[in-house]
Each structure stands twice: as structure tokens, then as C-alpha cells.
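*Asks:*
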Amino acid sequence: MADQGLKPARIRRGLLRNFELCTSSLPSLKVVQRFVNHEQEFDAFTFTWRTDTEDRPYLGKGSDVDPFLVGVTTKALLRKADCEPVTFVLHIDVTFKLTQVDYPVFVVGISDRVRGFHLLAIFISSQRKEKHFVEELLALRKVYTCVTGKQFEVRYAMGVAADAQYNAVQRVLGVNNNLTILMCFYHVAAKVHEKTKGLQPALYATVAFGLNDLHYATTEAQFHITQARVLDDWSLHPGLASFKAYFARVWLSSRFCRWQIFHTPPAFATINNPVESFNGAIKRDYTLRSRMKIIQSVCRRTHSNRHVLLNEAPADDVGAASAEAVNVVSRRVTRIYDPETKRSREDLA
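The numbers in this note's numbering rise by one with no breaks, and the one at position 245 of the sequence shown is 283.
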């Protein structure tokens with residue numbers, strides 16, 4: 039009856055009629071609702087890729103043989119990706135120090151042309167190897183199809199230079215998609231900084247200027263011209279010989295070479311800043327930099343955190359059933375500069 043799209047109340051009456059049950063033995067309406075999957079648009083729910091012998095979601099035990107993995111999302115969040123694939127860039131990032139068991143948290147979302155970030159789902163996993171990335175993306179694609187009735191199509195995906203993440207995105211999202219995997223330029227710059235921080239200031243500046251010119255090449259032809267010029271400039275300095283070989287091998291010839299702006303559609307983000315800013319907001323606004331047991335409230339309140347102010351009532355979707363709950367939403371505290379620490383801090387005075 040649930041497969042026929044019947045409402046929970048009608049299914050409950052059908053049980054009474056078809057199975058000749060007495061009223062006292064009927065399951066409550068809340069129990070029937072669990073099997074109907076008529077969740078509201080902003081109700082957070084969990085999902086997995088694996089199932090047990092009874093076709094129920096299986097989370098795993100957290101061991102190397104049987105890793106733990108569960109996703110959290112809402113219907114409204116999944117519908118954010120129900121648009122043309124060329125109108126968004128998919129971002130995948132891993133953050134830590136959110137759960138009491140120190141499991142990594144995978145954040146998956148999309149950014150639009152104004153570089154606004156829209157969360158799709160959050161995954162908690164005991165490990166972060168390639169097979170775990172694959173399982174997360176398979177689960178996301180499965181639940182997206184269940185909610186929207188469409189295939190999850192991605193044209194652009196951005197990540198870091200990690201083989202596990204790259205292979206998983208290519209294996210799951212690259213099937214039947216004209217997928218382009220972009221590299222976060224900030225990640226490239228950070229890796230270059232690690233390799234050159236011991237150089238003399240003049241050599242470091244030469245590398246930085248060349249890297250910046252390569253990134254801002256607007257066409258592939260301009261990039262090849264700039265690449266030849268920059269490599270020739272680096273060849274004039276013997277101290278850059280080993281770095282030049284490393285840069286050409288890792289960032290010019292490998293599959294992690296798409297970090298120039300001409301690979302990214304105009305107006306879209308060229309770094310993972312949208313998702314990394316969101317990860318910072320989770321720790322600052324939701325968990326208050328403490329390790330939590332569960333993070334469903336992040337998904338449940340993401341749709342309204344930009345619309346409700348201190349002097350406004352919460353949205354009507356909270357419902358009468360939440361009358362005993364108190365929802366507190368505050369404005370962000372202004373920051374002031376502290377000359378003693380030479381850093382900004384929140385003005386709590």
C-alpha cells in the first residue's frame with residue numbers, strides 16, 4: 039500500500055479491513071508513517087547505500103572490515119541540484135572535530151554563479167578511503183533519484199588533489215555524464231607554498247608571480263604561452279630546478295592540472311571556499327566548536343538560517359508538534375580588532 043502512494047491514515051484503515059485486526063492491535067499512525075516515507079520538505083532523514091537482509095538501511099560497525107557510514111539530508115536540500123548541470127559546481131570537502139568519536143564528516147554541496155553555497159547532504163564515515171567516497175556518492179545519487187525522480191547529473195565537480203576523492207567522483211558521477219573535475223586553486227597554492235617556503239624571498243616571489251599568471255590565463259592558448267614563459271623564467275634560477283620538475287610533473291602533466299580559470303565557467307568559484315566557509319559556519323554557529331553526537335539540525339535549519347532574524351518569528355514549518363521546543367536564533371556578533379593580539383575578536387562587551 040505504501041508503494042501505491044496511499045496516505046498513512048488510509049493504510050492504517052486498510053490494515054484493519056484487510057487483515058481483520060482489532061482496533062487495539064492496530065499500529066499507531068506514527069508507526070505507519072515510518073514505512074510510508076512521507077517526510078516533509080525540511081524534515082531531516084538519514085540514508086545509506088548498504089542494506090541488511092531485510093532491506094533495511096545498514097550503517098556498519100566502524101571497523102576496517104565493516105566501516106560505519108550514514109548520510110543526513112532533507113528533500114528541500116536535494117532539490118537544490120534539480121537544475122541544469124551547467125548552472126552549478128559540485129563541491130566535496132572533509133572536515134573534522136565535529137563528532138565525539140572523531141569520525142570525519144563529508145560535506146557535499148553546490149555553488150551557483152553568485153558563489154552562494156547550497157548544502158546537499160552531510161555524511162559521517164569512520165574512514166575516508168576511495169571505497170568510502172564511492173559509497174557516499176552512490177548513496178547520494180540513489181536518494182536524489184528517489185526524491186526527484188531524476189538522475190543526478192553533474193557537469194563540473196571541484197575537489198583537492200587526492201586520488202581517493204578523484205577516483206570516486208570519476209567512477210560514480212562520471213558515468214553517462216560529460217564530467218569535468220576541477221582543482222581548487224587554493225589547494226594548489228598551499229602545496230606550492232609548502233615546497234617553496236624555504237627558498238630565498240626573491241625566488242619565492244618569482245614562483246608566486248608565475249603561479250598567479252598561470253592561474254589567470256583566460257584561454258588555453260594563452261595558458262600555453264604563459265606556461266612557456268614562466269618555465270623559462272624558472273630555468274634561469276638553479277635553485278628552482280627541483281621545484282620546476284615537481285611542478286611540471288604534478289600540476290601541469292597529471293590529472294590534477296585543471297586549476298586555471300578558463301576551465302571553470304564564468305562567475306563560478308575557482309576554489310573550494312564556498313564549502314570550506316560552510317564547514318566553518320557549522321563549527322561556529324551550530325556545534326559551537328564542541329563535538330556533537332548528531333548533526334541533523336544542520337540540515338534541518340540550513341534552509342532558514344539566512345531568513346530568520348532575532349526580532350522575527352520562526353517559520354511556520356516548525357509545526358504544532360514542536361510547541362514544547364524553543365528555537366533561538368541570534369544575529370552574528372560584530373568583530374573588533376584587538377591590538378594586543380593583533381587579531382580580530384568578537385565584541386562581547
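Glycine included, C-beta positions come from ideal geometry on N, C-alpha and C.
All of these numbers come straight from a predicted model, not from anything done at the bench.
Quick one: give me the first and last residue of the alpha helix (DSSP H) that L115 is part of.
*Replies:* First-last of the alpha helix (DSSP H) with L115: 113 to 116.
*Asks:* Within the same chain, show all residues whose beta-carbon is closer than 8 Å to that of E215, passing over the 5 residues directly before and after it, in chain order.
*Replies:* With the sequence shown as reference, residue 215 is identified as Asn, and Glu is not the correct amino acid for it. Hits under 8 Å: P123, E191, V192, R193.
*Asks:* How would you write the range of the beta strand (DSSP E) that G197 sits in, first residue to last?
*Replies:* Per DSSP, G197 belongs to the beta strand (DSSP E) from 194 to 197.
*Asks:* Apply the 10 Å Cβ neighbour rule to V152 and answer buried if 16 or more other Cβ atoms are within range, or exposed otherwise.
*Replies:* By the neighbour-count rule (16 or more Cβ atoms within 10 Å), V152 is not buried but exposed.
*Asks:* Let's test the definition: count the other Cβ atoms within 10 Å of the Cβ of G318 and tell me whether it reaches 16, buried, or not, exposed.
*Replies:* Label assigned to G318: exposed.
*Asks:* What's the C-alpha gap between L115 and L157?
*Replies:* Going from the Cα of L115 to the Cα of L157 covers about 6 Å.
*Asks:* Taking the alpha-carbon of W87 as reference, which of G98, Y224, A195 has the nearest alpha-carbon?
*Replies:* With distances taken between Cα atoms, W87 lies closest to G98.
*Asks:* Please list, in chain order, all residues of the same chain as V245 whose beta carbon is under 6 Å from its beta carbon, the five residues on each side excluded.
*Replies:* The residues are T234.
*Asks:* Just how far apart, CA to CA, sit A206 and A243?
*Replies:* Near 36 Å, if we compare the C-alpha coordinates of A243 and A206.
*Asks:* What residues match up with T84 in a beta bridge as DSSP calls it?
*Replies:* T84 pairs with V110.
*Asks:* W289 and V226 - do their beta-carbons sit closer together than 8 Å?
*Replies:* Yes, the pair counts as a contact, with Cβ atoms nearer than the cut-off.
*Asks:* Could I get the ranges of all uninterrupted beta strand (DSSP E) runs contained in the stretch 203 to 244, with 3 residues as the minimum, in chain order?
*Replies:* Here the runs fully enclosed are 218 to 221.
*Asks:* Along the chain, where does the beta strand (DSSP E) containing F161 start, and where does it finish?
*Replies:* 155 to 163 is the extent of the beta strand (DSSP E) around F161.
*Asks:* Under 8 Å, with one C-beta from each stretch per pair, do the stretch 254 to 272 and the stretch 287 to 301 reach the 3-pair mark?
*Replies:* They touch, by the three-pair rule.
*Asks:* Looking at C-alpha atoms only, which residue of T302, D150, G248 is the closest neighbour of K282?
*Replies:* Nearest C-alpha to K282: G248.
*Asks:* Please name the residue or residues paired with G147 in a DSSP beta bridge.
*Replies:* According to DSSP, which records beta bridges pairwise, G147 is partnered with H129, L157.
*Asks:* I'd like the span of the alpha helix (DSSP H) that includes F316, first residue to last.
*Replies:* Counting along the chain, the alpha helix (DSSP H) containing F316 begins and ends at 311 to 319.
*Asks:* Expressed to the nearest angstrom, what Euclidean distance is found between the alpha-carbon atoms of K229 and Q238?
*Replies:* Approximately 17 Å, taken between the alpha carbons.
*Asks:* Along the alpha helix (DSSP H) that carries Q260, what are the first and last residues, could you check?
*Replies:* That run of the alpha helix (DSSP H) goes 258 to 273.
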